[in-house]
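Taking it in order: structure first as structure tokens, then the write-up.
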Amino acid sequence: MNITLDTTLATVMETDCIVIGAFADAPLHKSAELIDKASGGALQKLIKHGDVSTDWKDTTLLHGLSGVAAKRILVVGCGEIEKLSSVRFDRICSSAGAFLRDHASTSAHICLHEIEVGDTTDYWRLRQAAVSLEKANYRYTVTKPPKDDDNQPLKSASFNADTDMQSAIEEARGIAKGYLRSMKLGDLPPNICNPAYLAETAMEIAKSYKNVSVEILDEDQMAELKMSALLAVGRGSVNSSKLIVLKYHGKDKKTPPTVMVGKGITFDSGGLSLKPGPNMEQMKFDMGGAASVIGAFEACAEMQLPINVICIVASAENMPGGNAYRPGDVLTSMSGKTIEVLNTDAEGRLVLCDALTYAQRFKPAALIDVATLTGAAVIALGHHASVIMSKHDDLAVELIEAGENAVDRGWRLPLWDDYQPQLKSAFADMKNVGGMAAGSITAGCFLSRFTEGQRWAHIDCAGSTWIWGGDKGSTGRPVGLLTQFLINQA
Ligand code: BES
Ligand code: MN
Ligand code: ZN
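Going from the sequence shown to the numbering used here is simple: count from 1 and add 54.
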């Protein structure tokens, strides 16, 4: 989508659609007020009579309002002013975006950021509105191209703001690019998006920026590094595993990088510990962590942030097969620690432990892994928040605050050593499952054994990165949280 700034008055602006908001119990914002005046009070009257809903997120389309040059006006309900928050504001913008995507307008002029929201700045509201709009305008088309009679999504949007807000739009463009990359990767079917596809995507990104380089490690190279845990997971699949390493230099080479590690299981059948049939198709989203770190990395490169960032993706397909790893196998990880496999469906921690060991050669300023690691994360926090774990209180707080700012929230669970005994094994240094209790935490505890001495955090995005059921699809999360964290490092 082409996004521009334009201070042309809402009444004379020529566009397919002007987007304004309306509260149940507060005066109209600037552009809405102008439109109301030009139409001789028609807007206020429609609101008063209940023809235009002011319920939060409701949308009403008005046609041919007199005194207004635009073809249509979309009024988004803002609800009660008391209840307005940054989260509610974000949903107002996405509601507008979803409407515009599915209806006739291909250009729009957006005035929603005029609404005052708590102590947020104009900059933040403009940026957030642009990101929400871009996200809502996304439509998956790779294997289901739009039909001729389908409505086109938005092609261009202007925001009613001065050119001094251009940097907010640039930032939004970067963040949105990251989100769209992540959503598309998450939605692609597993027969297209396999480890090699993720590697090609990384190579494509590296080609687009002169300060980005990429290295793809194949199975032989990983075997040389003794990454037996990662390699075990991919052994049952004919699609060979890849370790993808993207490097971005926005600062001198001596500055320690922020390192992000993503779980890139392009399909998780469970392996020999096979998952049940129903919903198994959704396990293509098991590379949601990888998609997010790639997306946040691309956002950073697009914004050319003055930091160094490394993005590592541990990618494999978890399949049953003649050569598949088994329950009972004992694996020797790259770190030298041994792992007894009790369940081949707890594969994420196995690919991550070797990737996290590898990551330490870059001497990270912060090391963050992102993974659809446990179903227990969905049980704990549902779909509204990513699970954050860290032994470093400051890092946990930084991540939570970044999530708040980006309206891509995370919430912390403890990583206390009290949980460690659940990983005891009679035949190895640890087993790969910790039992029924605290499934997300014991997965975090497993990873903590491979990140000793590191400023490390773990994000379990199993609930946040994917919408289940009828409207199933990728949310791209937590690209917003990660990108804000990177912006804050700069
Ligand atoms: N990719 C899954 C996690 C998952 C499961 C996310 C369901 C969302 C919904 C992961 O590889 C997995 O299978 N984890 C197991 C671990 C268990 C065997 C210890 C789980 O959560 O059931
Ligand atoms: Mn699994
Ligand atoms: Zn998995």
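Cβ coordinates follow ideal geometry from the N, Cα and C atoms, glycine included.
Does the pairing of the region 66-78 with the region 226-239 give three or more beta-carbon distances under 8 Å?
no
Based on the DSSP secondary-structure assignment, which residues constitute the bridge partners of Met314?
Cys365 and Ile422
Which one of Asp274, His303 and Asp306 has the shortest CA to CA distance from Leu297?
Asp274
In chain order, which alpha helix (DSSP H) runs of at least 4 residues are fully inside the region 431-496?
447-459
DSSP three-state label for Trp178, please.
Helix, per DSSP.
Go through the residues and name those whose CB comes closer than 5 Å to any heavy atom of ligand 3, in chain order.
Ile319, Asp322, Asp340 and Gly402
Could you check whether the Cβ of Gly324 sits closer than 8 Å to any heavy atom belonging to ligand 2?
yes
Does the pairing of the region 392-403 with the region 371-382 give three or more beta-carbon distances under 8 Å?
yes
Same chain only: Cβ atoms within 6 Å of Ala460, ignoring 5 sequence neighbours per side:
Sequence-distant Cβ neighbours of Ala460 in its own chain, meaning closer than 6 Å and more than five residues away, are Gly534, Leu535 and Gln538.
Determine the burial state of Gln573: buried for a count of at least 16 other Cβ atoms within 10 Å of its Cβ, exposed for fewer.
Coverage of the chain is limited to positions 55 through 544, which leaves residue 573 absent and any answer about it impossible.
Taking 8 Å as the cut-off, is the beta-carbon of Ala492 closer than that to any non-hydrogen atom of ligand 1?
Distances taken from the Cβ of Ala492 to the heavy atoms of ligand 1 include none shorter than 8 Å.
Mind checking whether the beta-carbon of Asp514 lies closer than 8 Å to any heavy atom of ligand 2?
no
Which runs of the alpha helix (DSSP H) at least 4 residues long sit entirely within the region 216-249? Give them in chain order.
220-241
When the Cα of Leu449 is compared with those of Glu68, Leu421 and Thr392, which residue comes out closest?
The shortest CA-to-CA distance from Leu449 to any of Glu68, Leu421 and Thr392 is the one to Leu421.
With a threshold of 16 other CB atoms inside 10 Å of the CB of His438, please say whether the residue is buried or exposed.
exposed
Have a look at Ala92 and Gly457 and give me their C-alpha separation to the nearest angstrom.
40 Å
Across the region 333-340 and the region 382-392, are there enough close Cβ pairs to call them in contact, namely three or more that are closer than 8 Å?
no
For Gly549, which of helix, strand or coil comes out of DSSP?
Only positions 55 to 544 of the chain appear in the structure, and residue 549 is not among them; the question remains open.
Quick one, which of Glu168, Pro418 and Val196 has its alpha-carbon nearest Glu87's?
Nearest to Glu87 by alpha-carbon distance, out of Glu168, Pro418 and Val196, is Glu168.
Exposed or buried, which one is Val287 when buried takes at least 16 other CB atoms within 10 Å?
The residue in question, Val287, is buried, as its Cβ has 16 or more Cβ neighbours within 10 Å.
Length of the line joining the Cα atoms of Gln206 and Tyr192
One C-alpha to the other measures close to 11 Å.
Bridge partners for Arg126 per DSSP, in chain order?
Cys71 and His117
Would you say Val432 touches ligand 1, meaning its beta carbon is less than 8 Å from a heavy atom?
Within the cutoff, so yes.
Does the Cβ of Asn56 lie closer than 8 Å to at least one heavy atom of ligand 2?
no
Can you give me the C-alpha to C-alpha distance between Ser139 and Asp173, rounded to a whole angstrom?
10 Å
Check Cys499 in the structure and name its three-state DSSP category.
helix
If we count the other Cβ atoms within 10 Å of its Cβ and call it buried at 16 or more, is Tyr251 buried or exposed?
buried
Do the region 399-417 and the region 299-319 meet, that is, are 3 or more Cβ pairs less than 8 Å apart?
Touching, yes.
Three-state secondary structure (DSSP) at Tyr192?
coil
Pair within 9 Å by beta-carbon distance, Cys499 and Asp471
yes
Secondary structure at Leu535, three-state DSSP: helix, strand or coil?
helix
Can you tell me whether DSSP reads Glu394 as helix, strand or coil?
strand
Residue span of the alpha helix (DSSP H) that contains Phe351, given as start and end
Gly342 to Met357 is the extent of the alpha helix (DSSP H) around Phe351.
So for Cys132, helix, strand or coil by DSSP?
strand
Check this for me: beta carbons of Asn214 and Thr61, under 9 Å apart or not?
yes
Tell me the residue span of the beta strand (DSSP E) that contains Ile169.
The continuous stretches of beta strand (DSSP E) do not include Ile169, and DSSP gives it neither H nor E.
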